[in-house]
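For the sequence shown, position 207 matches number 191 in my numbering, and the numbering has no gaps at all.
Positions of the beta carbon are idealized from the N, C-alpha and C atoms, including for glycine.
Heads up, the thing below is written out as structure tokens.
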Amino acid sequence: METRLRIPTQSWMTAPEIRAVVSALTEGGSEARFVGGCVRDAVLGRLAKDIDLATHLPPEAVVERVERAGLHAVPTGIQHGTVTVVCGRAHFEVTTLRLDVETFGRHARVAFTNDWAEDAARRDFTINALFCSPPRSGDGECVVHDYFGGVADLKAGRVRFVGDPVRRIREDRLRLLRFFRFYAHYGRPPPDAPALKAARALAHELPLLSGERIGSEILRLLEAPSPAPVMRLMARQGVLAFVLPEAKDFARLAALVEIEREEGAAEGPGGVRRLGAVLATDATGAEAVAERLRLSNRQRDALVAVVAPAVAVATAMEPRALHSTIHRLGNETVREVALVAWAGERAVASAEEAAWRRLLVAAKTWTAPLFPLKGRDALALGVPPGPRVGELLEAVEAWWVDGDFVADRRACLERLRALLAAPGG
Ligand code: ATP
Ligand code: MG
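Set out below in structure tokens:
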């Protein structure tokens, strides 16, 4: 049964790019509706990440109309009915109403339909199965179409499968992880019992998903406002053991999220700092996680840096040691390491809060002066070109760092001369 609800028109709905696509799709009485995440977020008054549209027009007709309107159409998944419409810098996915006739793991044989309810029924969660008719020009409100009680679920923080959770996860096991991700972002306790039961029963099939899929779901879950209780739930339900057995330090993750909030420390490259905080492993273990989840090289380096720092960062550090660490690892890495180390301390005892705060300020603002010598300074002192030049400079630089960067050019030159004069120099 369909329920209709009026919600205020969101500003993105009337953006010129959206209007252009909607009018191309609805010309001559055809219908198009916003669908999925953008409607869910509109009902909550949150900003949508990306905008998806559904229509009963077949994909070829979508391409034709979009091109006729002077927009660019990319047949991204045209067999499944999905066309990407590019309009300037914006792009939207337009998908033909369909039902999954037969599913094989992550793939499905589909049939197109004219029935909005059938399309809603193939979607994963009731809160993701909402449509919204684009407002007519000047309308302050628009209509949400809800076939499975998604609006009530959304308001109550219930993440619920459309239909039987076991069947829906059997059709596509990624939904098992999506359940926990959407619960982390939109749910409130208690989690849906039938969904949990199905998750427990089918978790052993998760390793059949690609590492990349698992990784992207976990990172997106970790980006939720409060991911630690959900990770703990996944551990208790025996789900985490099949995707991320190394995740054990939920207290450190919870403390990190708290500290991030206090410090306004937005999470950097996609949840990696949080992933590092929840892992109880060493450098080799972190490398293995990065490999398994197909993280980028940058993400891998960031992960290893916080899981197994090259230099331990602590509030007991003398300024000199902190400065040489910043010089060696860079401001960004020291800050990441400090946040996770602070969280580790807070998770088990009362942390030196003020000292950590000062350390973070230093990690952010302190920059080493430029090392005042160049290779030509050694050449000018008669050192022949070759590897010896670099070795000498490195030796002077290590001395300069050790002295907390105080020595100026003259002092460094003197040190270089002294090294040259020393036996074996
Ligand atoms: P986000 O804000 O994270 O992008 P979203 O709801 O838009 O959330 P998408 O992964 O972009 O999620 O998918 C768009 C819509 O497609 C979902 O809202 C849902 O209706 C449907 N969908 C996506 N993946 C699945 C799936 N694996 N099984 C069933 N329906 C799905
Ligand atoms: Mg989306």
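Asked: Gly171 Cβ short of 7 Å to the ligand ATP heavy atom set; Found: no
Asked: Three-way DSSP call (helix, strand, coil) for His40 in this model; Found: coil
Asked: Classification of Gly255 by the beta-carbon crowding that lies within 10 angstroms, buried from 16 upward; Found: buried
Asked: Pro149, buried or exposed, once every other Cβ within 10 Å from all chains shown has been counted against 16; Found: buried
Asked: Nonlocal neighbours in the same chain, by C-beta distance under 6 Å from Val46, ignoring five residues either side; Found: Val67, Val78
Asked: CA-to-CA distance, Asp130 to Pro118, given in whole angstroms; Found: 15 Å
Asked: For Val297 and Ala338, the rounded distance between their alpha carbons; Found: 15 Å
Asked: Presumed contact (8 Å Cβ cut-off) between Leu363 and Cys396, rounded CB distance; Found: Incorrect: roughly 15 Å between the Cβ atoms, too far for contact.
Asked: Short Cβ contact (8 Å threshold) for Val288 with Ala267; Found: yes
Asked: Residues near Arg410 in its chain [Cβ-Cβ closer than 7 Å; skip 5 each side]; Found: In this structure the chain extends from -15 to 409, so residue 410 is not present and cannot be described.
Asked: Unbroken stretches of the beta strand (DSSP E), 3 residues or longer, contained in the region 64 to 113; Found: 66 to 71, 74 to 80, 82 to 88, 91 to 96
Asked: Nearest-angstrom Cα separation, counted from Lys232 out to Val273; Found: 13 Å
Asked: 8 Å Cβ cutoff met for His311 and Ala250; Found: no
Asked: Of the residues Trp(-4), Val27, Ala101, Gly61, the one placed nearest Ala74, counting alpha carbons only; Found: Trp(-4)
Asked: Which of helix, strand or coil DSSP assigns to Val27; Found: helix
Asked: Whether Val50 touches Ala8 by CB criterion (8 Å); Found: yes
Asked: Candidates Arg30, Gly20, Met(-15), of which the one nearest Pro(-8) by Cα; Found: Arg30
Asked: Whole-number beta carbon distance between Val290 and Gly328, since they are thought to touch under 8 Å; Found: The pair is not a contact, with the Cβ atoms about 10 Å apart (cut-off 8 Å).
Asked: Close Cβ partners of His169 (< 7 Å) along its chain, the five nearest in sequence each way excluded; Found: Ala208
Asked: Residue from Pro303, Arg24, Arg157, Ala95 with nearest C-alpha to Gly65; Found: Ala95
Asked: Own chain, CB closer than 6 Å to Arg276, minus 5 neighbours either side, in chain order; Found: Gly195
Asked: Assigned exposure category for Ala347 - 16 Cβ within 10 Å defines buried; Found: buried
Asked: Where Asp392 falls, given that 16 or more other Cβ within 10 Å makes a residue buried; Found: exposed
Asked: Beta strand (DSSP E) segment containing His56, residue limits; Found: 56 to 61
Asked: With 16 other Cβ atoms within 10 Å as the buried cut-off, status of Arg82; Found: buried
Asked: Contacting residues, own chain, Cβ-Cβ under 7 Å from Gly124 (five flanking each side not counted); Found: Pro(-8), Thr(-7)
Asked: Selection from Val262, Val85, Arg172, Val5 that minimises the alpha carbon distance to Ala292; Found: Val262
Asked: Cβ shell of Glu271 (< 8 Å), same chain only, five flanking positions each side left out; Found: Arg284, Val288
Asked: From Thr87, Pro59, Val85, residue whose alpha carbon lies closest to that of Phe76; Found: Pro59
Asked: Distance CB(Arg257)-CB(Leu323) smaller than 8 Å; Found: yes
Asked: Three-state class that DSSP yields for Glu125 in the structure shown; Found: strand
Asked: Where Leu357 falls: helix, strand or coil (DSSP); Found: coil
Asked: Enclosing beta strand (DSSP E) for Thr(-13) [first to last residue]; Found: -13 to -8
Asked: Host alpha helix (DSSP H) of Val6 (start-end); Found: 0 to 10
Asked: Environment of Gly134 [buried if 16+ CB atoms lie within 10 Å]; Found: buried
Asked: Member of Val214, Gly89, Ser14, Val85 whose CA lies at the smallest distance from the CA of Ala105; Found: Val85
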